Amino acid sequence: MEPSYPGYNVPLRDNIEHGDSFPIGAHWANNDSVTEMLQVREVFMMALMDQLTDKADWERKVFDDEIVAKWRKEAVTQPEDDLYALILEDKDLGRLRKPRERMINEDVFECSKASANYVRIKRLMSTGIRRAMTWYRTWFTHPCRSHFFPAEIVGLKGAVQEWAGKGDVIVPKGAEMPSTAQNIPEEFWSDSYQWLPANLKFDDDGLVMFTSYVNNLHPEKYPEIYKALEELIDVAIPAWNQCLPLHIDGNEPHKAGRVDVRLDKPKDCPDNSDEKHWTPNIKSEHVKTFQLEDKDKSDYDYTYESHGDYLEDLDIDSDTDEKLPNLDDETSQVRSERRESKRRLRAHREVAWKRVKDPAELPLPQNFEHIDYAPQLDLRKKFNETGLQVIVKMASIELTPEKPQFPLGSWHIEGQLNERICATALYYLDSENVMESHLTFRMASEAEQSEFSYGQDEYEWIERVYGTLVGSMSSDPSLQVFGSVETRPGRLLAFPNVL
Numbered sequence: 001m002e003p004s005y006p007g008y009n010v011p012l013r014d015n016i017e018h019g020d021s022f023p024i025g026a027h028w029a030n031n032d033s034v035t036e037m038l039q040v041r042e043v044f045m046m047a048l049m050d051q052l053t054d055k056a057d058w059e060r061k062v063f064d065d066e067i068v069a070k071w072r073k074e075a076v077t078q079p080e081d082d083l084y085a086l087i088l089e090d091k092d093l094g095r096l097r098k099p100r101e102r103m104i105n106e107d108v109f110e111c112s113k114a115s116a117n118y119v120r121i122k123r124l125m126s127t128g129i130r131r132a133m134t135w136y137r138t139w140f141t142h143p144c145r146s147h148f149f150p151a152e153i154v155g156l157k158g159a160v161q162e163w164a165g166k167g168d169v170i171v172p173k174g175a176e177m178p179s180t181a182q183n184i185p186e187e188f189w190s191d192s193y194q195w196l197p198a199n200l201k202f203d204d205d206g207l208v209m210f211t212s213y214v215n216n217l218h219p220e221k222y223p224e225i226y227k228a229l230e231e232l233i234d235v236a237i238p239a240w241n242q243c244l245p246l247h248i249d250g251n252e253p254h255k256a257g258r259v260d261v262r263l264d265k266p267k268d269c270p271d272n273s274d275e276k277h278w279t280p281n282i283k284s285e286h287v288k289t290f291q292l293e294d295k296d297k298s299d300y301d302y303t304y305e306s307h308g309d310y311l312e313d314l315d316i317d318s319d320t321d322e323k324l325p326n327l328d329d330e331t332s333q334v335r336s337e338r339r340e341s342k343r344r345l346r347a348h349r350e351v352a353w354k355r356v357k358d359p360a361e362l363p364l365p366q367n368f369e370h371i372d373y374a375p376q377l378d379l380r381k382k383f384n385e386t387g388l389q390v391i392v393k394m395a396s397i398e399l400t401p402e403k404p405q406f407p408l409g410s411w412h413i414e415g416q417l418n419e420r421i422c423a424t425a426l427y428y429l430d431s432e433n434v435m436e437s438h439l440t441f442r443m444a445s446e447a448e449q450s451e452f453s454y455g456q457d458e459y460e461w462i463e464r465v466y467g468t469l470v471g472s473m474s475s476d477p478s479l480q481v482f483g484s485v486e487t488r489p490g491r492l493l494a495f496p497n498v499l
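In terms of full-length UniProt numbering, the sequence shown opens at residue 1 and continues consecutively.
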């Protein structure tokens with residue numbers, strides 16, 4: 001069967017939501033490309049469990065009560081102490097102590113989110129393969145470095161000798177737009193640029209073999225690199241099985257692990273028209289005794305400076321620990337001191353009120369329930385006849401005394417819609433004499449939340465509870481941050497192309 005290439009033998013803008021499909025996060029109109037909102041507390045729960053399962057030998061230590069007590073202490077010394085204290089209950093440890101259910105095998109662990117999972121693998125490649133990859137690492141392989149050969153597949157033998165300098169640029173056929181893609185703007189596809197994948201087949205043992213040339217990688221000079229890539233893809237396939245949600249005929253996705261959020265939605269939503277949410281109750285005992293922290297300084301300074309003299313005219317009860325100047329003293333200096341003290345006290349009380357006023361009633365985490373982490377997908381079986389198409393990139397970052405820093409990466413989804421990238425696997429070969437690096441994940445969420453009852457543009461409380469922007473009037477996108485994972489040497493990360 002001839003491999004498929006968008007713009008050549010399949011429509012460039014085919015959105016492939018008919019039949020079986022995997023989600024692509026480039027645009028919200030694709031199936032499963034938008035996450036259900038997660039409360040900030042749930043994100044903290046996920047981050048905490050990811051941190052614990054990143055510890056060496058965690059699967060044994062989680063049954064040691066003494067070590068667990070130490071973990072609890074470590075957790076509550078991190079930022080947002082009260083939040084960690086609230087979520088760090090036996091519910092979370094129960095999830096971790098369920099023997100090995102989240103471990104596909106000894107090397108693979110799923111970091112479970114309700115909408116999209118990423119999988120980390122600690123297995124190292126064989127010594128010989130690592131040696132080959134290390135030798136090659138300063139070279140650069142990229143999928144855009146070759147022309148396309150219509151009706152031909154560039155194999156491994158004679159790839160350079162027979163095909164170097166040849167190939168065509170595909171002439172755009174016009175802006176065909178199938179009905180499945182009508183909701184997606186044309187710019188999400190490209191008429192002039194496309195990464196080219198390499199083709200692989202499965203042998204009788206279920207292992208992959210390249211059947212076509214990898215762009216910019218000479219197959220006869222570097223056969224050991226091809227073998228290394230094949231082994232790497234064999235390692236990645238179980239992780240892709242674990243994290244890829246498969247839509248069959250547009251129905252609910254078949255997906256391993258958690259499919260629902262851990263926390264129920266708040267039942268009672270704050271009413272912004274209620275006066276108590278706007279008028280500070282500065283005489284409350286909680287307000288009077290509340291101690292501001294360093295993080296409150298900017299809010300205090302803003303309140304003090306922006307409200308100006310109006311703070312002087314607001315009533316401050318005499319029952320306070322603050323020492324104000326004597327009211328009977330008529331000197332202008334004392335009157336000035338008293339006004340200044342009153343302003344500062346009022347600003348302090350107003351900021352304190354913001355911190356202690358009635359919070360929303362938030363539900364507690366659900367009790368621990370069994371989650372089926374068994375893979376719902378087997379790529380080897382599903383694509384046994386057609387094989388896989390994989391886009392290969394190899395890159396190296398070299399720091400020097402003249403260039404001791406590397407800029408932070410940018411948020412992105414891999415590729416354009418016409419490249420049809422459904423998942424990514426990243427292998428970190430080496431990291432020497434540099435600070436720890438991390439990869440952070442986020443996913444689009446719905447801007448409009450019809451399940452909540454709120455007044456026009458009154459969704460600030462939702463944003464505080466869920467940590468994402470809400471409302472179609474927002475100039476910024478609605479995005480849910482899922483946390484980060486350390487990109488340590490020898491680790492492979494796999495995730496769907498919605499993160």
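Each residue gets a CB set at the ideal place from its N, CA and C atoms; glycine is no exception. Values in this document were obtained by computation on a predicted structure and should not be read as measured data.
Which first and last residues belong to the alpha helix (DSSP H) in which Ala256 is found? No alpha helix (DSSP H) holds Ala256; DSSP gives it neither H nor E.
Coarse secondary structure for Asn418, derived from DSSP in three states: helix
On the criterion of 16 or more Cβ atoms from any shown chain inside 10 Å, does Thr320 qualify as buried, or is it exposed? Confidence is the limiting factor: at Thr320 the pLDDT is only 45, short of 50, which leaves the residue's position unreliable, though a coordinate-based value still follows. Result: exposed.
Taking the Cβ atom as the reference point for each residue, do residue 545 and Val351 lie within a distance shorter than 7 Å? Missing from the structure shown is residue 545; the chain here goes from 1 to 499 and no further.
Every unbroken alpha helix (DSSP H) inside the UniProt domain "DUF4246" (5-74) [4 residues or more]: Within the UniProt domain "DUF4246" (5-74), the complete alpha helix (DSSP H) segments at least 4 residues long are 40-53 and 58-61, listed from N- to C-terminus.
So, are the CB atoms of Glu36 and Val261 less than 7 Å apart? yes
Of the choices Thr77, Val119, Met45 and Asp64, whose alpha-carbon is the least far from that of Ala494? Put simply, of Thr77, Val119, Met45 and Asp64 the residue whose alpha carbon is nearest the alpha carbon of Ala494 is Val119.
Within the same chain, show all residues whose beta-carbon is closer than 7 Å to that of Ser190, passing over the 5 residues directly before and after it, in chain order. Gln416 and Asn418
Using C-beta distances below 7 Å, list every residue in its chain close to Val10, excluding the 5 sequence neighbours before and after it, in chain order. Ser4
What does the alpha-carbon distance come out to for the pair Arg491 and Asp430? Each residue's alpha carbon lies about 9 Å from the other.
Could you check where the alpha helix (DSSP H) with Val235 kicks off and where it finishes? For Val235, the enclosing alpha helix (DSSP H) stretches over residues Pro223 to Cys243.
From the DSSP output, which residues share a beta bridge with Met443? Gln480
Please confirm whether Pro375 and Ala239 have their CB atoms less than 7 Å apart. no
Hey, could you find the ends of the beta strand (DSSP E) Val465 is sitting in? Segment Glu460 to Tyr466 is the alpha helix (DSSP H) holding Val465; no beta strand (DSSP E) there.
Are there 16 or more other CB atoms within 10 angstroms of the CB of Ala56, so buried, or fewer, so exposed? Exposed, since its Cβ has fewer than 16 Cβ neighbours within 10 Å.
Consult DSSP for Glu89 and reduce its assignment to one of helix, strand or coil. The pLDDT assigned to Glu89 is 46, lower than 50, so where the model puts this residue is not dependable, and the model offers no usable value.
For Thr468, collect the residues of the same chain with a Cβ closer than 7 Å to its Cβ; drop the 5 residues on either side in sequence, then sort them by chain order. So the qualifying residues of the chain are Met37, Ser445, Ser478, Leu479 and Gln480.
With three or more beta-carbon pairs closer than 8 Å as the criterion, would you say the segment 376-387 touches the segment 241-248? yes
For Ile413, tell me which candidate among Gln51, Phe22, Arg13 and Ala26 has the shortest Cα-Cα distance. Ala26
Own chain, CB closer than 8 Å to Asp203, minus 5 neighbours either side, in chain order: Correct list, in chain order: Met209.
Say the cut is 6 Å; is the CB of Phe210 nearer than that to a heavy atom of the ligand HEM? No copy of the ligand HEM occurs in the structure displayed, which carries no ligand at all.
With a CB to CB cut of under 7 Å and the five nearest residues on each side skipped, what residues in its chain are close to Ala47? These residues qualify, in order along the chain: Gly483.
So for Val208, helix, strand or coil by DSSP? strand
Hey, Ile391 and Trp195 are a contact pair by Cβ (cut 8 Å); roughly how many whole angstroms apart? About 5 Å separates the two Cβ atoms, so the contact holds.
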